[in-house]
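**Q** Protein sequence lines, in the order shown, are assigned to chains A and B.
The numbering of the first sequence is our numbering, which starts it at 2 and goes up by one.
The numbering of the second sequence is our numbering, which starts it at 123 and goes up by one.
Ideal Cβ placement from N, Cα and C applies to all residues, glycine included.
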Amino acid sequence: MSLGQRSGLSATLLSVVCIGVMACGCESNRGDRTVLRVMAWAGPDERAIEQRVIDRFLVDHPDIEIEFESISANYRERLLTSIVAGTPPDVALLDNGSFGAAPFISRDLLVNVAPYLDRIGVDTSAYYGEVLSIFRRPGGLYAFPKDFNPIVFYLNVDLFEEAGVPLPDTTWTWDDFLDIAVKLTRDVDGDGRNDTFGTRVPRNFFLWQPWVWAAGGDVLSPDGLRASGYLDSPETEAAIQFLADLITVHDVVPSVDVQRQLTGLERNFFLTGRIGMVTSGHWWLPRIRPYIDDGRVRVAVLPPPRYEDREPVTVIYAAGWAVPHNTRHKKLAIELAAHLSSVEAQRMRAEYGLAIPSIRQAHEEFAAADTYGLEEAFLFAARNGRMSWGSSVEDWAHVEVQMPDIFDRVIFEGEPLHDVTIEIARRIDEILATPGTR
Amino acid sequence: MKRLRASLLLLVALPALAFAVAGIAVVVSSRASLQPVLDRHAATRAAEYFRYYRSSRLAEMPESLDRLEAGAAELDVERYTIYDDAGRVTETYPLNAPPLPLAIDTEQSAPMLDAARRGHAVLDLMAIDGQPVWLAYLPGNEQIAVVLRDVSPELAERFAERTGYDLALYLDASLVQASGGSFVEALPATLTDSLASFDRALAVELARAPIAVAPIKDFDDWDATGAVVVRAGEGAPLPPPPSLPNAPIAPMSALVLAAAATLLIVWRVTRTSSTERRAQNLRRGFAIALAPPALAAFWLVQADAEMSARATDAMIEVSYRCITLMTIEEPDSIPANVAAAFLGTDLVVTDGPTVLEASRPELATADYSGLEPGIGRANVAGRRMAYAKTEGGGAWPILLTTPLEDARKTTLFWLAGLYGLLAVGVLIYASLAFAAENAIELREAKTAWRFVSPSMILLLLFSAAPLLFAFYLSFHRWNLLEPAKPFVGLDHYIDLARDGLFWNAAKNTAIYSLYVPATMVFALAVAILLNRKIKGVALLRAVFFLPYITSFVAISIVWQWMYDPDFGLFNWSLGLVGLGPFPWLNSPSTALLALIIMAVWIHIGFQMIIFLAGLQAIPGEFYEAAMIDGAGPWRRFWRITLPLLKPTTFFVLVTSIIGSFQVFTFVYVMTEGGPLHATDVIVYHIYQNAWQFLRMGYASAMSWVLFAVIFVITLLQFRFLGRRTAPS
């Protein structure tokens with residue numbers, strides 16, 4: 002047999018083997034040791050912290066191994082396919098935003114950990130109630146809250162001083178906000194173009210949700226089943242109109258700022274003194290602390306301004322550790338998930354500070370030790386935070402992407418706001434009425 | 123001729139052999155895997171039965187302690203002791219009996235005591251001094267009662283009697299009770315260990331007998347405290363036949379037939395002298411030789427599905443028999459979802475045409491009146507399901523489950539599909555190899571195909587198979603989170619035709635692809651400039667190529683900043699010469715253009731490299747001759763360079779257009795399709811529907827439309843440009 006024939010033979014044999022393997026669908030044996038897999042989205046810094054938290058768990062469980070899979074891109078895709086393929090992680094991180102837990106909970110894809118809380122010694126009253134409620138359903142708890150982020154306002158103190166504008170306090174109102182934004186928008190070098198701006202208007206809905214609530218409106222009905230009558234209500238429109246006017250009437254934002262995904266650009270503009278007031282979450286802090294330490298910028302944080310005499314309100318995004326229903330190690334997985342959200346773990350993460358500990362005690366300890374004077378606003382925001390719609394509405398991802406259209410059509414096409422909200426509300430009604438029909 | 127004969131034998135016999143081996147593997151594996159599936163199902167039912175038994179016993183316990191004495195005899199309570207909260211004995215039963223210890227020294231009782239102190243009544247089976255006893259803790263008026271009961275002897279017997287499966291109950295690995303048959307006295311430690319960490323039933327061999335074992339959990343389902351072992355007894359529902367004697371015959375006969383066909387071909391081909399006739403004979407011969415395995419494939423699918431169907435029937439039968447284990451006086455007295463968990467199937471309770479209870483909301487609205495009594499298959503709520511139903515009036519449950527054969531059919535469908543593709547590959551190989559003009563060409567062709575074959579196989583597995591799956595999905599609805607994939611026919615394609623956003627994305631994609639001709643002009647110019655022997659040319663080429671090999675995400679972020687209308691580099695630079703400011707990405711009218719400009723910049727390097735290769739393949743003599751004839755540089759370009767570059771140009775055009783239709787990263791990172799859907803492109807639209815909205819079927823339909831569009835465009839390019847570019 003020639004060499005060529007042998008290679009032909011081996012190729013064919015390879016295909017036989019492939020087909021054979023597929024036919025068997027054999028499960029790989031990973032040896033005698035129990036291996037738990039934890040899946041989370043985490044950057045390099047967070048990964049190091051999570052590894053420390055996991056190492057602590059391994060001290061009490063020397064017989065097992067834990068693989069921490071930090072996935073920075075396409076997290077949702079990876080998690081979904083791993084669950085569907087029957088190889089779920091034992092513990093997975095979910096939230097009420099892009100990686101929403103709601104569809105998983107409503108389809109019984111997560112273990113209800115409520116019956117085991119006493120066994121693992123978890124006292125749910127230690128958590129912020131609103132944060133816990135994101136993963137709660139009648140008779141069930143489907144994740145241990147990891148941490149959360151209320152949306153707040155970052156103020157560039159240097160810019161305020163340069164413009165001679167006094168810093169507002171937590172009682173500030175929408176009128177104050179507009180007044181300040183106008184004053185901060187200035188042509189510094191006299192070339193006829195503005196160099197500094199009051200604020201930026203985010204296209205991402207999650208950043209403008211607090212405005213809608215503050216005005217007393219909402220985007221969906223309380224049962225989350227329709228948008229008509231809510232998205233197009235006068236209160237909701239008042240908030241959208243206020244934001245649109247910042248662009249089209251008052252001209253206090255950089256150009257027509259329909260920003261895209263958050264890529265750190267807005268943070269740079271804020272830090273370099275181009276924009277005075279920016280909405281964001283706690284996740285900014287690890288990146289801006291070095292600037293504050295170097296004396297390059299002074300920063301203040303405030304909760305969102307109040308609308309007339311209403312209570313201040315903001316939106317909360319939280320992540321939690323959940324156990325997929327088809328894990329092969331339910332007990333260990335629940336213990337690990339609980340450990341990952343324990344006070345100890347929360348303290349370790351708080352030092353880095355991407356988000357706020359979901360356990361009140363850990364947050365208060367951290368706030369007390371805060372030398373930047375910024376945590377007070379977060380404590381305030383945490384008390385006045387409401388969970389986002391993504392916590393309870395299964396199709397929220399589909400609903401949320403409709404929102405930027407409102408801005409685009411009002412700002413670019415100049416369409417009357419009410420016409421737009423009525424039409425988008427109808428479109429959302431259709432999406433909510435036919436979940437998963439395609 | 124000898125070598126040709128050997129090759130022919132190899133070519134025809136191997137695919138048939140491959141299929142025969144795979145077919146036998148399938149049949150053997152299905153025989154080996156279906157019985158354990160059934161046994162594990164029974165073991166899980168046994169564990170559920172234990173749980174159910176425990177909770178129903180607990181429910182019989184009196185709510186308050188003062189009723190305990192009155193009901194003690196009736197409840198079959200053997201002894202009890204009531205303690206106050208401080209742990210002092212306040213009452214014993216029978217009177218004067220020694221008190222039962224409050225904190226029985228096991229790890230298990232401490233959590234039970236805790237639960238009782240928090241106000242929950244709990245009951246569990248545990249071993250005290252090696253004796254199995256039921257132990258209950260009943261809270262009330264700051265008192266705690268410890269109640270000892272006999273182990274119900276009928277537990278295993280009842281299960282065996284109803285299901286036909288012998289059952290043994292183990293506590294801490296020691297046998298507590300068993301229904302006849304011989305079970306081992308103690309479970310091996312390896313088994314209990316794996317049960318403790320592995321949260322489901324296992325099918326294993328114990329004392330050389332195939333059994334299934336499932337963990338039983340303590341009172342709050344936390345720790346594994348024991349196990350149930352089941353073994354199919356005389357009265358067990360008919361499992362799949364232990365062997366399927368006819369099954370291997372199909373691939374075997376296919377093999378024999380294929381071998382016979384091979385001999386026939388070899389005989390005819392080797393006798394033919396004309397190459398053309400030889401090729402023709404070969405093709406015909408292959409068609410004959412490959413048919414028997416294909417028929418066998420079909421037969422196997424059927425045989426395997428039949429076996430899986432029997433296993434499904436047996437499983438649902440076991441579940442159905444388990445209904446009577448639940449002490450149901452009224453069938454709808456137990457919540458449907460609880461009963462469904464107990465039985466391991468879905469469950470609806472109907473009374474005539476009325477659905478009284480359903481384990482899942484979508485099952486409550488379906489119509490069950492047409493179901494024939496017995497075990498069968500029916501379409502329920504848009505899904506094909508196996509059901510079990512009995513005759514008789516009044517309310518009675520119907521069980522529903524996903525038939526195993528459907529999943530097996532899918533697997534075998536793919537297997538057959540892959541075989542088909544393999545066969546086609548072999549056919550192409552053979553026709554090309556043997557249609558060769560002479561021996562050298564033949565050898566070259568054969569060698570070439572052998573080199574290609576490993577990547578062909580990879581391509582088939584990882585490209586063709588997903589492609590086919592997407593095609594299948596495009597006619598089904600699937601949200602990824604549920605196994606159900608109801609058939610929707612052409613609905614997705616019809617929706618697509620009406621989806622304005624899709625057509626907008628298609629339009630944007632088409633406009634975006636205009637970057638290709640623009641880039642080609644620049645790339646050719648750069649290639650010509652860099653196609654000389656000047657100092658630093660290698661560096662310059664690298665510089666131009668750099669963007670193409672840089673991460674597209676990184677590029678997107680940097681360009682996003684450069685494009686910023688107020689603080690970006692572009693508007694700043696243009697401002698220096700008095701131009702702008704332009705909104706770039708921030709306006710629906712310019713956003714797509716901004717993406718095109720960026721795409722041109724990125725792709726120049728790649729196209730330049732291809733053009734350079736093309737330029738260097740043009741012999742220098744042509745230019746020399748032209749120069750002697752007095753042709754200037756412009757004329758040389760039009761008359762020599764451009765015509766001779768045609769194959770290269772064609773390659774660049776075709777591959778770049780295909781690439782342009784698949785644009786995704788920039789849109790995903792920079793604009794998310796906005797503003798006002800101005801940069802929404804097809805692949806981004808597909809991504810959104812698949813992964814954000816979980817509409818896999820719809821996204822698959824879009825993918826196939828995109829595929830068709832690209833295919834047609836590429837075909838047109840080949841038709842109108844390809845012919846003229848074939849190198850002469």
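#1: DSSP puts Q299(B) in a beta bridge; with which residues?
#2: Does DSSP put T524(B) in a helix, a strand or coil?
#3: Taking a cut of 7 Å between CB atoms, which residues from the segment 307-321 of chain A lie near chain B?
#4: Within 10 angstroms of its Cβ, does L837(B) collect 16 or more other Cβ (buried), or is it exposed?
#5: From which residue to which residue does the beta strand (DSSP E) around W256(B) run?
#6: Residues in its own chain within less than 7 Å of R428(A) by CB, not counting five upstream and five downstream?
#7: Whose Cβ in chain B lies nearer than 9 Å to the Cβ of Y117(A)?
#8: Among the residues of its own chain, which have a CB less than 7 Å from the CB of A812(B), if the five just before and after it don't count?
#9: Give me the Cβ distance between P669(B) and I677(B), rounded to the nearest whole Å; I'm assuming they're in contact under 8 Å.
#10: Three or more C-beta pairs closer than 8 Å, one from the segment 314-328 of chain A and one from the segment 125-138 of chain A: is that the case here?
#11: Name the chain B residues that come within less than 7 Å of A398(A), Cβ to Cβ?
#12: Given this structure, state the Cα-to-Cα distance separating I780(B) from I338(B), to the nearest angstrom.
#13: Straight-line CA distance for V254(A) to M278(A)?
#14: Mind checking P710(B): buried by the 16 CB within 10 Å criterion, or exposed?
#15: To the nearest whole angstrom, what separates the beta carbons of F136(A) and P151(A), a pair I think is in contact under 8 Å?
#16: Do we get a CB-CB distance below 8 Å when we pair H62(A) with the residues of chain B?
#17: Would you verify that the beta carbon of H330(A) is, or is not, closer than 8 Å to some beta carbon of chain B?
#18: Under 9 Å, CB to CB, which of the residues in the segment 775-797 of chain B have a partner in chain A?
#19: Give me the subset of the segment 57-87 of chain A whose CB atoms are less than 7 Å from a CB atom of chain B, sorted by chain position.
#20: Rounding to the nearest angstrom, what Cα-Cα distance links D251(B) and E229(B) in this structure?
#21: Secondary structure at M642(B), three-state DSSP: helix, strand or coil?
#22: Classify G752(B) as buried or exposed, calling it buried when 16 or more other Cβ atoms lie within 10 Å of its own Cβ.
#23: Roughly how many whole angstroms lie between the Cα atoms of A93(A) and W322(A)?
#24: Can you say whether P211(A) is buried or exposed, counting buried as having 16 or more other CB atoms within 10 angstroms of its CB?
#25: Roughly how many whole angstroms lie between the Cα atoms of L118(A) and V411(A)?
#26: Checking contacts by CB at 8 Å: is R280(B) closer than that to chain A?
#27: Please check if any C-beta of chain A sits within less than 8 Å of the C-beta of S709(B).
#28: Return the CA-CA distance between A245(A) and P405(A), expressed in angstroms with no decimal places.
#29: Taking Q424(B) as the query, report the chain A residues whose CB atoms sit under 8 Å from its CB, ordered along the chain.
#30: Indicate whether at least one CB of chain A lies closer than 8 Å to the CB of E307(B).
#31: Pick out the complete beta strand (DSSP E) segments inside the segment 25-76 of chain A, 3 residues or longer, and give them in chain order.
#32: Less than 8 Å between the CB atoms is what I'm expecting for H725(B) and T787(B), so what's the real figure, rounded?
#33: Exposed or buried, M183(B), counting other C-beta atoms within 10 Å across all chains shown (16 or more means buried)?
#34: Taking DSSP as the reference, what is the three-state secondary structure of N157(A)?
#35: Decide yes or no for the touch test of the segment 714-728 of chain B against the segment 639-656 of chain B: beta carbon pairs closer than 8 Å, at least 3 of them.
#36: Between the Cα of A323(B) and the Cα atoms of P233(B), L160(B) and L245(B), which residue gives the shortest distance?
**A** So, from the data block:
#1: L291(B)
#2: coil
#3: none
#4: exposed
#5: Q253 to G262
#6: Q403
#7: D342, D343 and W344
#8: M818 and A821
#9: 7 Å
#10: yes
#11: Q814 and F815
#12: 58 Å
#13: 10 Å
#14: buried
#15: Going by Cβ atoms, the distance from F136(A) to P151(A) rounds to 17 Å, so no, they are not a contact pair.
#16: no
#17: yes
#18: Y790, V791, M792, T793, E794, G795, G796 and P797
#19: R77, E78, L81 and V85
#20: 14 Å
#21: helix
#22: exposed
#23: 6 Å
#24: buried
#25: 49 Å
#26: no
#27: yes
#28: 12 Å
#29: Under the 8 Å cutoff, chain A gives no residues; its nearest Cβ is about 16 Å from Q424(B).
#30: no
#31: 35-41 and 65-71
#32: So it is not a contact: roughly 13 Å between Cβ atoms.
#33: buried
#34: strand
#35: yes
#36: L160(B)
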